[in-house]
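Novice: Numbering (UniProt numbering), first residue to last: 1 to 228.
Every residue gets a Cβ at the ideal spot worked out from N, C-alpha and C, and that includes glycine.
As the structure is a prediction and not an experimental result, all values here were calculated from the model.
#1: Can you tell me which of the three DSSP states residue 220 falls into?
#2: Suppose the cutoff is 8 Å on Cβ atoms and the five residues either side in sequence are ignored; what does the same chain contact list for residue 55 look like?
#3: In three-state DSSP terms, what is residue 160?
#4: What three-state label does DSSP hand residue 57 in the structure shown?
#5: Can you confirm whether residue 195, when its beta carbon is compared against all beta carbons of chain D, has any partner nearer than 8 Å?
#6: So residue 162 and residue 179 are in contact, right, with Cβ under 8 Å, and what is the actual spacing, rounded?
#7: Suppose contacts are defined by Cβ-Cβ distances below 8 Å. Is residue 49 in contact with residue 20 by that definition?
#8: Measuring only the C-alpha atoms, how far is residue 191 from residue 68?
#9: Pairing CB atoms from the segment 99 to 110 with CB atoms from the segment 27 to 47, are three or more of them under 8 Å?
#10: Between residue 125 and residue 96, how many whole angstroms is the CB-CB distance? I'm expecting something under 8 Å.
#11: Quick one, are the C-beta atoms of residue 23 and residue 119 less than 8 Å apart?
#12: Keeping to the same chain, check which residues put their C-beta closer than 6 Å to that of residue 205; ignore five residues upstream and five downstream.
#13: Grab me the residues of residue 83's own chain with a C-beta within less than 7 Å of its C-beta, minus the 5 sequence neighbours each way, in chain order.
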């Protein structure tokens, strides 16, 4: 028996799961290895719990049937049940999402291709079309007001490079307004043409600045999110 086990750092959302229905089946994508000769298939393979394939020798059906090109052995895998939604927890915990009955093969690497969904914890908002191929996702929960739903906020900031932004420091009413130049892996932000504002009044023109810690980000005077 093989299981996909998830560990996800969720903020503001829960019940993360793939969209996997008869109308919209999810294709679980893996690298596959033969347990007989240990040959690894060069290309990823995909398995759907709504697709059945016949095994040779009238041995029944399985969701995935594969014949190893190296040793010619036929192997199979069957999904046991529907996926179990991942529940938010702090700290994040490892949770079993789905099980496969594998015969003669092993799935060695899971690729989360396909559409995922989640639910807002407080608002009940439904988030669809979640793409986890990059291992991260973020969105804005309108029902929850200023509740921001990040797994990793850096991609959102990268999308704002060359845009005019406002950065509020976490220790008070100091804000910096300017053009976002860069955001590095340590969440350090560089602005050009920056102005310092305190209590909504401009105090000085600074030019180029580097900001290391962020509490909140505004764009075109519209609240986007809160970063921790």
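Specialist: Reading from the atomic positions:
#1: Numbered from 1 along the chain shown, position 220 holds the residue referred to as residue 220. Because the pLDDT of residue 220 is 34, which lies under 50, any placement of that residue in the model is unreliable, and the number read from its coordinates should be weighed accordingly. Correct three-state label for residue 220: coil.
#2: Here residue 55 refers to the residue found at position 55 when the chain shown is read from its first residue. Excluding residues within five positions, the ones whose Cβ falls inside 8 Å are 61, 62, 65, 74 and 76.
#3: Start at 1 with the first residue of the chain shown, and residue 160 comes out as number 160. If DSSP states are grouped into helix, strand and coil, residue 160 belongs with coil.
#4: Indexing the chain shown from 1 puts residue 57 at position 57. Reduced to three states, the DSSP call for residue 57 is helix.
#5: No chain D appears in the structure shown, which is made up of a single protein chain.
#6: In the chain shown, residue 162 corresponds to position 162, counting from 1. In the chain shown, residue 179 corresponds to position 179, counting from 1. Confirmed, Cβ separation roughly 6 Å.
#7: If you number the chain shown from 1, residue 49 lands on position 49. If you number the chain shown from 1, residue 20 lands on position 20. Cβ atoms of residue 49 and residue 20: closer than 8 Å.
#8: On the chain shown, residue 191 is found 191 positions in, with the first residue counted as 1. On the chain shown, residue 68 is found 68 positions in, with the first residue counted as 1. Roughly 55 Å between the two C-alpha positions.
#9: yes
#10: Taking the chain shown and counting its residues from 1, the one referred to as residue 125 is at position 125. Taking the chain shown and counting its residues from 1, the one referred to as residue 96 is at position 96. With a Cβ gap of about 26 Å, residue 125 and residue 96 do not count as contacting.
#11: As a first step, residue 23 must be located in the chain shown, where it is residue number 23. As a first step, residue 119 must be located in the chain shown, where it is residue number 119. No, the pair does not count as a contact, with Cβ atoms beyond the cut-off.
#12: Working through the chain shown from its first residue, we reach residue 205 at position 205. Same-chain partners within the cutoff: 195.
#13: Indexing the chain shown from 1 puts residue 83 at position 83. Hits under 7 Å: 17, 18, 20, 97 and 98.
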